[in-house]
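For what it's worth, UniProt numbering labels the leading residue of the sequence shown as 1, then goes sequentially.
We put the beta carbon where it would ideally sit given N, CA and C, even for glycine.
Quick caveat: nothing in here was measured; it's all calculated off a predicted structure.
Here is the structure we will look at.
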Amino acid sequence: MRVVAGFPVLFAGLLASWLLARPDGPDPVALPATLALGVSVLVLGLGFLPTVDAEPSVRLIGALAGVWVVATLLSAWVRTADRAGVDLPDVTAGDFAEVLGSGTSEIVALVVGLLIVVWAALDLLTGVDIPVLVVGALAGIGVLATAIAGHAGNTAIGPVLVGAHALAAAWWCGVLAAMALSVRGRSGWARSLPTFSRYAIWAVGVIAVSGVAAAFTQLDAVSALVTTGYGRILIAKALVLAVLIAVAMWHRRRWLPAVERHRTTEDSSIRNAVIEIVLMAVVLGLAAGLSATAP
Numbered sequence: 001m002r003v004v005a006g007f008p009v010l011f012a013g014l015l016a017s018w019l020l021a022r023p024d025g026p027d028p029v030a031l032p033a034t035l036a037l038g039v040s041v042l043v044l045g046l047g048f049l050p051t052v053d054a055e056p057s058v059r060l061i062g063a064l065a066g067v068w069v070v071a072t073l074l075s076a077w078v079r080t081a082d083r084a085g086v087d088l089p090d091v092t093a094g095d096f097a098e099v100l101g102s103g104t105s106e107i108v109a110l111v112v113g114l115l116i117v118v119w120a121a122l123d124l125l126t127g128v129d130i131p132v133l134v135v136g137a138l139a140g141i142g143v144l145a146t147a148i149a150g151h152a153g154n155t156a157i158g159p160v161l162v163g164a165h166a167l168a169a170a171w172w173c174g175v176l177a178a179m180a181l182s183v184r185g186r187s188g189w190a191r192s193l194p195t196f197s198r199y200a201i202w203a204v205g206v207i208a209v210s211g212v213a214a215a216f217t218q219l220d221a222v223s224a225l226v227t228t229g230y231g232r233i234l235i236a237k238a239l240v241l242a243v244l245i246a247v248a249m250w251h252r253r254r255w256l257p258a259v260e261r262h263r264t265t266e267d268s269s270i271r272n273a274v275i276e277i278v279l280m281a282v283v284l285g286l287a288a289g290l291s292a293t294a295p
């Protein structure tokens, strides 16, 4: 249940981005978009659990995919109200359908979420056996489509940088959160954590390089880091990410060797994972606010 604490922290990160950027942003759509981001990252992590020698709950995947679908529809609803300049209850079905149809990323996320719900239903109700890695791949498509929409398209290289950044971050955050939910016992952590740690080094490298490069493509001048809401959120995100990487490096030096020697209890491993997950949630909340704020 401690992993669930990450979701309120997501919105704390979004609140921080609003305080940093006001009156420039984030747009109202950031609220449901933040929920969709958090759920999609967790679904991706659950889908890729076999890469660290662990298995997820099919029921949990199906439930989270359903939340993802609802959050995506809410995002389109809020975006419709914002475009039409009306209150949420006054949004018409025609306007909603038009805005939803024009939002490619939302359509992709909606289709992906529904496909994952179907996958879970087939797995639970029939004898059809489709590898859970398919869920990870589908969720990756949804995360990628959402990440490269909007500001990333302002430059030719922007979608590549932002896409790589988003996928690496989603894998790192999502798989660790999925491990905290799914891995049990000292032996389970001794199998999964070393493999995760090896892959995580590469993910962090991609996050750092692509994040710095993407920032340069979005900002006109270095001074924009402090003179614009976008820049201030970017600085906050970088600072929290630096703290997160420092904690992860400390855990790699202390937690990982203890886990490999079976000297750390399951509860201690989950507690260490939750510390990183909470910091990850702050970064994701800031990222959601950043994507809904004009550079």
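query	result
Can you tell me which of the three DSSP states valine 132 falls into?	coil
Is the region 140-150 touching the region 187-203 in the sense that three or more CB pairs, one from each, lie closer than 8 Å?	no
Tell me whether threonine 251 sits in a helix, a strand or coil according to DSSP, three-state version.	Reading the sequence as shown, one finds histidine at residue 251 and not threonine. The answer is helix: DSSP assigns histidine 251 an H, G or I state.
Near alanine 203, what residues of its chain come up, given a Cβ to Cβ distance below 6 Å and the 5 sequence neighbours on each side ignored?	Ala168, Trp171, Trp172
Which full runs of the alpha helix (DSSP H) of 4+ residues lie inside the region 151-191, going along the chain?	158-182
Going by DSSP in three states, arginine 263 sits in which element: helix, strand or coil?	coil
Can alanine 76 and valine 99 be called in contact, C-beta distance under 8 Å?	yes
Would you kindly check if the distance between the Cβ of glycine 289 and the Cβ of alanine 30 is under 8 Å?	yes
Going by the CB atoms, is the gap between serine 210 and leucine 279 shorter than 8 Å?	no
How about isoleucine 61 and isoleucine 116: do their beta carbons lie closer than 8 Å?	yes
Mind checking arginine 232: buried by the 16 CB within 10 Å criterion, or exposed?	buried
Would you say glutamate 260 and alanine 213 are within 8 Å of each other, going by their C-beta atoms?	no
Among Gly163, Trp255, Leu256, Ala36, which one has its Cα closest to the Cα of valine 67?	Ala36
Using the three-state DSSP reduction, which class does glutamate 106 fall into: helix, strand or coil?	helix
Would you mind reading off the limits of the alpha helix (DSSP H) that contains leucine 49?	That residue, leucine 49, is in no alpha helix (DSSP H); it is neither H nor E in DSSP.
Would you give the residue range spanned by the alpha helix (DSSP H) that valine 226 belongs to?	224-227
So, are the CB atoms of leucine 176 and glutamate 276 less than 8 Å apart?	yes
Apart from the five residues on each side of it in sequence, which residues of its chain come closer than 8 Å, Cβ to Cβ, to leucine 88?	Trp77, Val78, Ala81
Checking 8 Å against the spacing of the C-beta atoms, do threonine 265 and arginine 186 come in under that value?	yes
Helix, strand or coil for glycine 94? Go by DSSP, reduced to three states.	helix
Would you report the Cα separation of arginine 253 and methionine 179, rounded to the nearest angstrom?	19 Å
In the DSSP assignment, find the unbroken alpha helix (DSSP H) run with aspartate 82 in it and report its ends.	58-84
Since I believe alanine 16 is in contact with leucine 286 (beta carbons under 8 Å), could you give me their beta-carbon distance rounded to a whole number of angstroms?	6 Å
Helix, strand or coil for residue 312 per DSSP?	Coverage of the chain is limited to positions 1 through 295, which leaves residue 312 absent and any answer about it impossible.
If you draw a straight line from the alpha carbon of leucine 244 to that of isoleucine 201, how long is it in whole angstroms?	13 Å
Quick check on DSSP: helix, strand or coil for arginine 198?	helix
To the nearest angstrom, how far is it from the Cα of alanine 109 to the Cα of glycine 47?	16 Å
Assuming residue 307 and valine 39 are in contact, meaning their beta carbons sit under 8 Å apart, how far apart are those beta carbons, in whole angstroms?	The displayed coordinates of the chain run from 1 to 295. Any statement about residue 307 would go beyond what the structure contains.
By the three-class DSSP mapping on this structure, what secondary structure does proline 257 have?	helix
Quick one: grab the DSSP three-state call for glutamate 55.	coil
What do you get for leucine 124, buried or exposed, if any count of 16 or more other CB atoms within 10 angstroms of its CB means buried?	exposed
Expressed to the nearest angstrom, what Euclidean distance is found between the alpha-carbon atoms of alanine 246 and threonine 92?	49 Å
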